[in-house]
Amino acid sequence: MGDSQYSFSLTTFSPTGKLVQIEHALMAVGSGQTSLGIKAANGVVIATEKKLPSILVDETSVQKIQLMTTNIGVVYSGMGSDSRVLVRKSKKQAQQYYRLYKEQIPVAQLVRETAAVMQEFTQSGGVRPFGVSLLVAGYDDNGPQLYQVDPSGSYFSWKASAMGKNVSNAKTFLEKRYTDDMELDDAVHTAILTLKEGFEGQISGKNIEIGIIGADRKFRILPPTEIDDYLAEVE
Amino acid sequence: MSIFEYNGSALVAMVGKNCFAIASDRRLGVQLQTIATDFQRIFKIHDKLYIGLSGLATDVQTLYQRLAFRHKLYQLREERDMKPETFASLVSALLYEKRFGPYFCQPVLAGLGDDNVPFICTMDCLGAKELAKDFVVSGTASESLYGACESMYKPNMEPEELFETISQALLSSVDRDCLSGWGGHVFVV
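So the sequence lines, in the order shown, correspond to chains R and V.
Each residue of the first sequence is one higher than the last, beginning at 142 in our numbering.
Each residue of the second sequence is one higher than the last, beginning at -14 in our numbering.
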């Protein structure tokens, strides 16, 4: 790239007006495992591939989908260790909000604060941007919400989105399948079908992860047995 | 003389049927000398939330400015008004921040929550919340106010009757307190 002179200093703009480090961070995301989220009329579902480096890895110890609060969950594509740092900070921010207002933090506010953290790391000395994009799914007084947060710190609300390796195929598939009045169960089926599209190998409850939140406002990570049930329904 | 009695104040809030009333006296004094008879102690946070602050007048004004600031930021960020319960938690947290050098104020909050359910509460100067279903009082005339409210209050009053009740309770109590009086401000929502 002609920008190579500017490509390793984070805090210097290239002449084309890009921060090349952020572009590289997005590449890191783009080579991560596929993850996606779908907002239904009565809830949100997020899902990801869980390809482990070897069959010797204990898959029950790996959890890519995590809770930020009881009613907000998150999944990532990109570097897992970076996502853990972000989730840890966000959990703390959510609790600080509760301590001040005795009210659960609205999803949009938590996403704003997480995005602010990610942006800080694009404008400080001696740090690098986070190599993850997050999909945040939550249910609050404004209903079900799905947000994507990028390494640059920008965030968007989506009806359905995908990130990672298979992003373009997954998004095309979602565009075709998405309807505004989808129920949560239909959304889970659609999520599974979308993952299946780009999946190498045999899909099962052990190599994908699904998290859902419904009107009960409790984010739940589905156990492998339940995922297998959904898979059977989809067949 | 206690620092809370330096300026003199009387505040009362009452719950009615889908409405609330909050009233205060208007005297600002420096110990025994009256220096103003139009001092504002009740402030609007938003259309359905009012806060009254009794105690040291300088802290009343400073605390109100801090709270208005926090609420405006909240409105800008979250694009909605604060619920009364949330605001009460915020006031409590702000007061406790100054645990070892407090604001010499006792706030009285009154607001309408979702579905216009009235909410009132009071706090001591360190932020200990006291929720009530009927009325709350604060200030140098608080003991008289307790007595007056206890006898005059009825649940589920309509706004007009609530106005009469709270005004009578306030006026008769401040008459028995030399540090508060000179009329009253009443807000009924």
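For every residue, glycine included, the Cβ atom is placed at its ideal position computed from N, Cα and C.
Member of the options whose CA lies at the smallest distance from the CA of residue i
{"i": "Tyr35/V", "options": "Ala42/V, Ser165/V and Met(-1)/V", "result": "Met(-1)/V"}
{"i": "Ser176/R", "options": "Ile333/R, Tyr296/R, Gln162/R and Leu372/R", "result": "Ile333/R"}
{"i": "Leu147/V", "options": "Ser77/V, Glu(-10)/V, Cys4/V and Lys29/V", "result": "Cys4/V"}
{"i": "Thr331/R", "options": "Leu193/R, Lys300/R and Thr157/R", "result": "Lys300/R"}
{"i": "Ile242/V", "options": "Gln91/V, Cys90/V, Ala113/V and Val121/V", "result": "As shown, chain V starts at -14 and ends at 174. That puts residue 242/V outside it, with no answer to give."}
{"i": "Glu135/V", "options": "Val173/V, His170/V, Cys110/V and Ala117/V", "result": "Ala117/V"}
{"i": "Ala154/V", "options": "Ser9/V, Tyr49/V and Thr19/V", "result": "Ser9/V"}
{"i": "Leu75/V", "options": "Ile30/V, Gln16/V, Gly168/V and Ala(-5)/V", "result": "Ile30/V"}
{"i": "Glu64/V", "options": "Phe314/R, Pro365/R, Gln174/R and Ala249/R", "result": "Ala249/R"}
{"i": "Val45/V", "options": "Leu58/V, Leu61/V, Gly(-7)/V and Gly96/V", "result": "Gly(-7)/V"}
{"i": "Glu190/R", "options": "Ile349/R, His165/R, Arg358/R and Leu160/R", "result": "Ile349/R"}
{"i": "Asn283/R", "options": "Ser298/R, Phe271/R and Arg318/R", "result": "Ser298/R"}
{"i": "Gln204/R", "options": "Arg253/R, Glu374/R, Arg361/R and Asn310/R", "result": "Arg361/R"}
{"i": "Leu151/R", "options": "Gly305/R, Arg269/R, Lys359/R and Ser195/R", "result": "Arg269/R"}
{"i": "Val329/R", "options": "Ala166/R, Ala188/R, Pro156/R and Thr157/R", "result": "Ala188/R"}
{"i": "Glu70/V", "options": "Arg11/V, Phe(-11)/V, Asn141/V and Asn101/V", "result": "Asn101/V"}
{"i": "Asn141/V", "options": "Pro103/V, Leu156/V and Leu58/V", "result": "Pro103/V"}
{"i": "Val198/R", "options": "Lys347/R, Val375/R and Ile179/R", "result": "Lys347/R"}
{"i": "Met323/R", "options": "Phe154/R, Lys312/R, Asn183/R and Arg358/R", "result": "Asn183/R"}
{"i": "Lys359/R", "options": "Lys159/R, Lys337/R, Val258/R and Gln245/R", "result": "Gln245/R"}
{"i": "Arg84/V", "options": "Tyr131/V, Gly169/V, Thr150/V and Ala113/V", "result": "Ala113/V"}
Rounded Cβ spacing between residue i and residue j (contact assumed at less than 8 Å)
{"i": "Val170/R", "j": "Ser218/R", "result": "5 Å"}
{"i": "Ile368/R", "j": "Ile351/R", "result": "6 Å"}
{"i": "Glu143/V", "j": "Lys2/V", "result": "6 Å"}
{"i": "Gln91/V", "j": "Ser123/V", "result": "4 Å"}
{"i": "Ala303/R", "j": "Thr335/R", "result": "7 Å"}
{"i": "Leu52/V", "j": "Phe89/V", "result": "Not a contact, Cβ separation roughly 16 Å."}
{"i": "Val325/R", "j": "Val161/R", "result": "Looking at the sequence shown, residue 325/R is not Val but Leu. Their Cβ separation, rounded to whole angstroms, is 41 Å, which puts Leu325/R and Val161/R out of contact at 8 Å."}
{"i": "Ser195/R", "j": "Leu275/R", "result": "The Cβ separation is near 26 Å, so there is no contact."}
{"i": "Pro87/V", "j": "Leu48/V", "result": "Not confirmed; about 10 Å, so no contact."}
{"i": "Val174/V", "j": "Leu79/V", "result": "Actually they are not in contact, since the Cβ atoms of Val174/V and Leu79/V sit about 23 Å apart, beyond 8 Å."}
{"i": "Tyr138/V", "j": "Asp119/V", "result": "6 Å"}
Residue i, DSSP secondary structure in three states
{"i": "Phe262/R", "result": "coil"}
{"i": "Asp291/R", "result": "coil"}
{"i": "Cys110/V", "result": "coil"}
{"i": "Tyr296/R", "result": "strand"}
{"i": "Phe148/V", "result": "helix"}
{"i": "Pro285/R", "result": "strand"}
{"i": "Ala21/V", "result": "strand"}
{"i": "Ala373/R", "result": "helix"}
{"i": "Thr366/R", "result": "helix"}
{"i": "Glu115/V", "result": "strand"}
{"i": "Gly143/R", "result": "Unreliable positioning characterises Gly143/R in this predicted model, as indicated by a pLDDT of 48, which lies under 50. The coordinate reading is nonetheless provided below. Helix at Gly143/R."}
{"i": "Val268/R", "result": "coil"}
{"i": "Asp10/V", "result": "strand"}
{"i": "Thr133/R", "result": "In the structure displayed, chain R extends from 142 to 376; residue 133/R sits before or after that span and is not available."}
{"i": "Tyr131/V", "result": "helix"}
{"i": "Thr189/R", "result": "strand"}
{"i": "Lys233/R", "result": "helix"}
{"i": "Pro194/R", "result": "coil"}
{"i": "Arg358/R", "result": "coil"}
{"i": "Val121/V", "result": "strand"}
{"i": "Leu34/V", "result": "strand"}
{"i": "Ser345/R", "result": "coil"}
{"i": "Gly96/V", "result": "strand"}
{"i": "Gly169/V", "result": "strand"}
{"i": "Lys29/V", "result": "strand"}
{"i": "Met304/R", "result": "strand"}
{"i": "Thr182/R", "result": "The amino acid occupying residue 182/R in the given sequence is Ala; Thr does not appear at that position. Three-state result, Ala182/R: coil."}
Cβ pair residue i, residue j closer than 9 Å
{"i": "Val(-3)/V", "j": "Ser165/V", "result": "no"}
{"i": "Thr320/R", "j": "Pro292/R", "result": "no"}
{"i": "Leu363/R", "j": "Ser345/R", "result": "no"}
{"i": "Ala256/R", "j": "Ile213/R", "result": "no"}
{"i": "Gln16/V", "j": "Tyr(-9)/V", "result": "yes"}
{"i": "Thr125/V", "j": "Asp162/V", "result": "yes"}
{"i": "Val273/R", "j": "Met220/R", "result": "yes"}
{"i": "Ile20/V", "j": "Val171/V", "result": "no"}
{"i": "Val290/R", "j": "Val252/R", "result": "yes"}
{"i": "Phe271/R", "j": "Val308/R", "result": "no"}
{"i": "Arg55/V", "j": "Ser39/V", "result": "no"}
{"i": "Phe28/V", "j": "Leu13/V", "result": "no"}
{"i": "Gln260/R", "j": "Gly294/R", "result": "yes"}
Contact with chain B by residue i, beta-carbon distance below 9 Å
{"i": "Glu(-10)/V", "result": "As a matter of chain content, chain B is missing from the structure shown, whose protein chains are R and V."}
**Item:** Members of the segment 45 to 62 of chain V that neighbour chain R once the beta carbon cut-off is set at 9 Å
**Value:** Tyr59 and Arg62
**Message:** Any C-beta of chain V within less than 7 Å: which residues of the segment 234 to 262 of chain R qualify?
**Reply:** Leu241, Tyr242, Lys243, Glu244, Pro247 and Gln250
**Asked** Of the residues that make up the segment 73 to 92 of chain V, which ones have a beta carbon closer than 8 Å to any beta carbon in chain R?
**Response** Ser74, Leu75 and Ala78
**Asked** For the segment 105 to 125 of chain V, which residues have a beta carbon sitting closer than 8 Å to at least one beta carbon of chain R?
**Response** none
**Message:** Taking beta-carbon pairs under 8 Å, can you tell me which members of the segment 18 to 34 of chain V lie near chain R?
**Reply:** none
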